[in-house]
């Protein structure tokens, strides 16, 4: 299935080489359409209609050691497929990839000892047993020596404050507690690369914040290379400097968080808190797209004109408070998803990081 | 190898801890299983009130036949305890994407898929089988030859290997089909053929069936050969059977390995 010219170096990636290198990676699935109704179902037994779905369409990506990359995209964009390919769970239809110098889908033990995958919607701990038992199993599978295992486990458990949960059956834990223990299990063998697939999905804000702090700390301390897929901008803002936006199996944007704002928006949001609700006609005369919410006015002003027009606005409207902000990242990304941005597939990459 | 043994022991420990957590369930499973065995044994005892031998001139009188039954119980209990729980779980793991977690671990996937769940309650039948064998051996028309006693554990292992190969090939079919809830049923139907002496398969239908279940799907070798070696006098033909069983077990393991690996390369994972 994979290209015969695929690099086959299983040794550690040489210093300076990208930890993850992906070229033209594509994955297609053949899916069967199931027509509605009994008659159609019976007919379908003999004559099934299938079609090819392109989950990934020739993605290129390089990730350097110690980077924390967020991969953002709507449902079905191909984010999880990408992580499954990089983890060696599935094989690609086309293209090449190396992670830590190994071809993932060759599934060598040496490679699999050096990374970890955490999936927010899948439980990998033994359901009926306390997490401590799963950790013990993990120690054997990853051949972690006892002293190192105990040191790492204690450090991670203390960082997440989950010591009291270790002896409780996993099925009795909350989603947030389970996810914390999943992360401990994934990090016990000190992986060089960590793939996180929507780790904060379904978690409350306290649990999300706790995971953010933990991941930021561990990644910085270990200089781990991390790819995080998520739907939540909070995850991206809290953890990553580099953002990859994916829709329909293609990369729409690959660059820094700051650059995405510069590149995809031409205006800033100016919020005015006034003494009293304004006269809408007077606000309209300012000539900017606006929204009035009682005594609050929200204007969208071209970023190049802010300095020129803001003093005039402040003088004339009885302003008590003012704030000037970038367009929220959620809004930019949502617009990119909607428009399927034409900024260039794999061509909208930001400046070198 | 020692690493895999160590991991298997860790799995066993974890499964035992889990079984002990649900003690009532564990006891109930043992009782259900033993009850089923007791009913089977009662049925065979009933049969022997009507006839002294299963098939005239076959040598399967009461004591040899119960040695046969005991051999079947031992082999089946090993397969049921070590392999079936994991293989059955594989169907669910493929459907839900749980297999992903196994494929990223630095171990042989077939080992993990085959042996990560151990059902200790299934060993209860095996213990009954050992007891039944201990009852039957002193009552055999001829005591087992020392060579037969040495060959018996080897042939038990071969029987387990043949059944394991069938289980893992059926489980691998799950990867292609996406859903295969009839795995256990199909395995039960297949192994049913192995539960009786091969001599019962004779006549215009029985002959071809016997050939099919000996040379194509070697299910008739699983219990028949070890049971015959321990319960009946060794003959030249017996030597051929032993060699054939060892060969069949090795071939079954190689073929099942190939089937599993090729299925794994087609694994497409479930959507998250």
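Protein chains in written order, with our numbering: chain A, 521 to 873; chain B, 33 to 304. No residue lacks a Cβ here, since even glycine has one placed at the ideal position from N, Cα and C.
Residue i classed as buried or exposed, judged by whether at least 16 other C-beta atoms fall within 10 angstroms
i	result
residue 288(B)	buried
residue 52(B)	exposed
residue 71(B)	exposed
residue 219(B)	buried
residue 114(B)	buried
residue 260(B)	buried
residue 290(B)	exposed
residue 664(A)	buried
residue 811(A)	exposed
residue 199(B)	buried
residue 769(A)	buried
residue 174(B)	exposed
residue 217(B)	exposed
residue 607(A)	buried
residue 859(A)	exposed
residue 86(B)	buried
Residue i and residue j closer than 8 Å at C-beta
i	j	result
residue 546(A)	residue 577(A)	yes
residue 626(A)	residue 39(B)	no
residue 194(B)	residue 222(B)	no
residue 149(B)	residue 117(B)	yes
residue 826(A)	residue 844(A)	yes
residue 107(B)	residue 184(B)	no
residue 833(A)	residue 135(B)	no
residue 111(B)	residue 49(B)	no
residue 559(A)	residue 603(A)	no
residue 226(B)	residue 611(A)	no
residue 738(A)	residue 704(A)	no
residue 640(A)	residue 718(A)	yes
residue 624(A)	residue 649(A)	no
residue 878(A)	residue 707(A)	Because residue 878(A) is not part of the residues shown, which for chain A are 521 to 873, the question remains open.
residue 823(A)	residue 788(A)	yes
residue 284(B)	residue 214(B)	no
residue 772(A)	residue 734(A)	no
residue 264(B)	residue 67(B)	no
Contacts around residue i, its chain only, beta-carbon distance under 6 Å, and the 5 residues preceding and following it disregarded
i	result
residue 781(A)	846
residue 125(B)	131
residue 727(A)	696
residue 790(A)	819, 821 and 844
residue 809(A)	820
Bridge-paired residues (DSSP) for residue i
i	result
residue 810(A)	819(A)
residue 617(A)	542(A)
residue 773(A)	765(A)
residue 570(A)	552(A)
residue 713(A)	635(A) and 745(A)
residue 577(A)	546(A)
residue 591(A)	749(A) and 764(A)
residue 791(A)	818(A) and 843(A)
residue 170(B)	DSSP output for residue 170(B) lists no bridge partner at all.
residue 214(B)	Per DSSP, none; premise fails for residue 214(B).
residue 622(A)	619(A)
residue 650(A)	689(A)
residue 582(A)	541(A)
residue 85(B)	93(B)
Contacting residues, own chain, Cβ-Cβ under 7 Å from residue i (five flanking each side not counted)
i	result
residue 652(A)	686 and 687
residue 867(A)	The pLDDT assigned to residue 867(A) is 41, lower than 50, so where the model puts this residue is not dependable; a value taken from the coordinates is nonetheless given after this. The answer is none, since no qualifying residue turns up.
residue 69(B)	105, 157 and 160
residue 43(B)	147, 148 and 150
residue 294(B)	none
residue 524(A)	Confidence at residue 524(A) is low in this model, with a pLDDT of 37, below 50, so the placement of that residue should be treated as unreliable; the coordinate-derived value is given next. So no residue of the chain qualifies.
residue 187(B)	257, 258, 261, 274 and 277
residue 683(A)	677
residue 871(A)	Confidence at residue 871(A) is low in this model, with a pLDDT of 36, below 50, so the placement of that residue is unreliable and no value is reported for it.
residue 538(A)	582, 583 and 584
residue 752(A)	720
Own chain partners of residue i with C-beta closer than 8 Å, once the 5 adjacent residues on each side are dropped
i	result
residue 301(B)	129, 131 and 132
residue 646(A)	653, 654, 657 and 690
residue 543(A)	580, 615, 616 and 617
residue 777(A)	756, 757, 760, 761, 762, 763 and 849
residue 698(A)	643, 645 and 690
residue 794(A)	815, 816, 817, 837, 838, 839 and 840
residue 593(A)	599, 749, 765, 766, 767 and 857
Cβ-heavy atom distance, residue i to the ligand SAM, below 7 Å
i	result
residue 80(B)	This structure does not include the ligand SAM; it has no bound ligands of any sort.
Short CB-CB distance (under 8 Å) between residue i and chain C
i	result
residue 209(B)	In summary, chain C is missing from the structure at hand, where the protein chains are A and B.
Three or more beta-carbon pairs under 8 Å between the segment 762-769 of chain A and the segment 787-804 of chain A, yes or no? no
Using 8 Å as the cut-off, can you tell me whether the segment 711-721 of chain A makes contact with the segment 730-747 of chain A, which would need three or more C-beta pairs spanning the two stretches below that distance? yes
Would the segment 91-109 of chain B count as touching the segment 165-184 of chain B if we require 3 or more Cβ pairs under 8 Å? yes
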